[in-house]
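Shown next, in structure tokens, is the structure this report addresses.
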Amino acid sequence: MVEDLLARVGATANRWRRCAGCRRWWPRRALPPAWTCPACAAPFRMPAADRIASLVDPGTFREFGATLTPGDPLGFRDRAPYPQRCARARARTGLRESAVSGTADIAGRRVVVVVFDFDFLGGSLGVVAGEKLARAAEIASREHVPLVTVSASGGGRMQEGPFALFQGAKTAAAISALRDAGIPYISVLTDPVIGGVQVSFASAGDVVVAEEGTRAGFAGRRVVEQTTGRALPADFQTDAFLLRHGHVDMVAPRRELPGCVARLVAYAVPARRAQGRETGDPVHRAAARTPQDDADPWDAVVAVRAAHRPRLAHYLAAVFTDAVELHGDRRRGDDATVFTGFARLDGYPVVVIGHNRITEGPSRNSGMASPAGYRKAARVMRLAARWSIPVVTLVDTPGAHPEADAEADNQSAAIAETMLTAARLPTPVLCVVIGEGGSGGALALSIGDRLLMQHNATFSIISPEGCAAILFADSAKAPEAARALHLRATDLHRHGLVDDVVREPPGGAHADPPRAADLLADALRRHLAELRGLDGRRLVARRSRRLRALGGDWCLPGATTLLPDEDDRG
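Every letter in the sequence shown is one number past the one before it in UniProt numbering, and letter 532, counting from 1, is 532.
Have a look at this one:
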């Protein structure tokens with residue numbers, strides 16, 4: 001139990017620690033459980049035993065691999081022989097190695113935990129720590145429970161040389177197998193996480209959380225400056241840097257970290273699924289009850305662009321509960337125009353992905369996303385599949401962002417990859433157009449098992465203004481183009497391109513936003529209930545058939561039929 005672990009390291013209780021904030025010295029026994037400075041509240045580096053105690057339910061931790069100790073494969077000696085260094089580290093920390101591993105409960109849900117202690121040779125990754133991580137992944141896979149790691153490390157252990165280096169390969173392979181098995185993996189970064197630990201498993205979590213004040217990266221600041229000969233910005237590799245560049249999903253203050261991890265574990269352990277039954281083809285079933293709409297399509301375009309129309313933020317708060325936002329594309333950045341995260345609908349976990357359309361103020365973005373936003377969406381879709389959680393997308397954008405930087409970052413490939421991911425996702429995908437559905441930027445989040453549209457929403461291959469400028473040679477003819485494009489929800493529903501039209505209150509969603517949220521929630525419940533009982537292979541097969549049929553009725557037979565190997569020389 002963690003109490004035994006705390007007792008084992010109790011011999012170090014009188015060691016003094018110096019606060020990095022106010023520079024005052026404190027005896028360890030004077031520090032609060034959160035290991036923050038009594039004077040200025042700055043965090044100290046937290047020992048593994050205390051970290052585990054802060055995260056897991058009391059009395060549930062069972063350590064494994066506690067007796068493993070490192071050998072001396074290289075006979076390494078610097079200022080002291082390697083075995084002597086290990087002995088001093090054991091005496092100083094009460095631990096046998098830099099990593100402590102075990103099983104435990106977090107918020108009543110069983111998990112496997114691996115926590116690194118920086119006080120043991122800088123939390124370095126050696127053969128024993130690598131073995132503990134690999135065993136932890138195997139136990140998590142065998143028991144089908146989440147793996148939670150808490151890293152604090154200066155990198156690979158130099159005294160074990162190539163043996164330590166290849167622990168990076170060993171742990172990466174262990175996490176890869178865990179991912180293939182669909183086992184959730186939550187990685188927590190604490191100050192610092194550098195080198196071998198960061199490049200092999202710490203950065204590879206399904207969800208990566210950085211504790212406030214953490215620095216993390218491939219190489220430490222001093223190494224980078226010495227190698228490049230350049231001074232680095234003050235925020236290099238800080239928690240803010242990691243969040244801004246899309247490397248982590250969230251940053252949590254230490255006092256909030258246990259609650260944050262508990263919420264993520266609750267999403268990682270799926271609730272019992274409702275038993276659904278397979279229904280008829282959604283397109284034909286829905287097409288039989290297309291609502292009437294005599295409104296002018298141009299009026300719909302004007303209304304759906306209005307600042308007062310309810311957007312994603314309203315529905316996220318009114319339809320869902322316990323929303324946890326996830327950030328970052330893991331490559332370059334985090335585009336706030338695309339929201340991704342966990343939430344609950346009537347207690348059921350779902351992943352929500354949507355255009356975060358801001359129409360006024362300095363943050364105005366009109367819902368036009370960058371490649372980072374679409375890459376983030378695809379990443380979180382894959383996460384939803386691994387964790388067996390349905391996906392709900394809320395579409396509201398005039399189109400993807402048409403800027404030079406977006407093109408340089410390959411906007412087209414980012415959108416394409418998002419659509420390819422959604423098409424083969426082995427978990428329910430329910431898409432709803434809540435506002436403006438503009439071209440490929442909207443289509444990226446509109447591929448799923450069902451496509452719904454709110455009654456006053458629009459969906460079009462191009463904006464009416466763009467169509468009028470190209471085909472009518474006069475952008476002032478946008479209203480005429482809107483009528484020709486058949487962009488209203490009722491039009492698309494009648495053509496069999498949309499599966500259902502979600503009613504809005506009299507006067508539109510803006511006239512009664514709470515009622516609009518209730519109507520949307522009812523539609524989501526109904527369609528998700530029909531999809532939840534289907535296994536992944538059946539979902540993908542049905543989705544493929546649905547997408548394959550789109551527009552097929554309008555493939556008119558031509559005068560000439562070419563054989564498959566004939567060239568079209570016309």
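Each residue gets a CB set at the ideal place from its N, CA and C atoms; glycine is no exception.
For residue i, which of helix, strand or coil comes out of DSSP?
i	result
residue 192	strand
residue 99	strand
residue 345	strand
residue 56	coil
residue 552	helix
residue 488	strand
residue 325	strand
residue 358	coil
residue 234	coil
residue 285	In this prediction, residue 285 has a pLDDT of 42, which is less than 50 and means its spatial position is unreliable; nothing more can be read from the coordinates.
residue 373	helix
residue 69	coil
residue 466	helix
residue 217	strand
residue 43	strand
residue 387	coil
residue 368	coil
residue 306	coil
residue 534	coil
residue 513	helix
residue 163	helix
residue 473	coil
residue 334	coil
residue 446	coil
Please report the straight-line C-alpha distance between residue i and residue j, rounded to a whole angstrom.
i	j	result
residue 241	residue 250	12 Å
residue 319	residue 211	30 Å
residue 522	residue 450	15 Å
residue 556	residue 544	22 Å
residue 538	residue 39	59 Å
residue 446	residue 269	27 Å
residue 180	residue 525	30 Å
residue 199	residue 168	8 Å
residue 35	residue 54	10 Å
residue 346	residue 208	26 Å
residue 307	residue 414	28 Å
residue 502	residue 313	18 Å
residue 102	residue 355	40 Å
residue 338	residue 491	27 Å
residue 389	residue 160	42 Å
residue 498	residue 158	60 Å
residue 109	residue 322	18 Å
residue 404	residue 463	20 Å
residue 348	residue 93	43 Å
residue 31	residue 23	14 Å
residue 178	residue 303	48 Å
Looking at the strands, I want to know which residues DSSP matches up with residue i.
i	result
residue 1	Per DSSP, none; premise fails for residue 1.
residue 431	393, 451
residue 460	438
residue 26	17
residue 250	209
residue 77	81
residue 64	101
residue 185	147
residue 339	354
residue 502	454
residue 36	43
Apart from the five residues just before and just after residue i, which ones in its own chain have a Cβ nearer than 8 Å to its Cβ?
i	result
residue 16	25, 26, 27, 28
residue 253	211, 212
residue 218	194, 195, 198, 199
residue 232	221, 224, 225
residue 399	368, 438, 439, 440, 441, 442, 463
Short of 6 Å in beta carbon distance, which residues of its chain neighbour residue i, apart from the five on each side in sequence? Order them along the chain.
i	result
residue 392	350, 352, 430
residue 19	37, 42
residue 193	151, 153, 202, 216
residue 433	395, 453, 457, 459
residue 383	206
Got a sec: does the ligand ZN put a non-hydrogen atom nearer than 7 Å to the Cβ of residue i?
i	result
residue 19	Of the ligands one can find in the structure shown there are none, so the ligand ZN has no counterpart to examine.
Here's a check: name, in chain order, each residue in its chain whose Cβ is nearer than 7 Å to the Cβ of residue i, leaving out the five neighbours to either side.
i	result
residue 469	475
residue 329	246, 372, 375, 376, 379
residue 86	70
residue 467	481, 485
residue 540	424, 426
Task: Completely contained beta strand (DSSP E) runs for the segment 105-161, where each covers 3 or more residues - done: 109-116, 147-153
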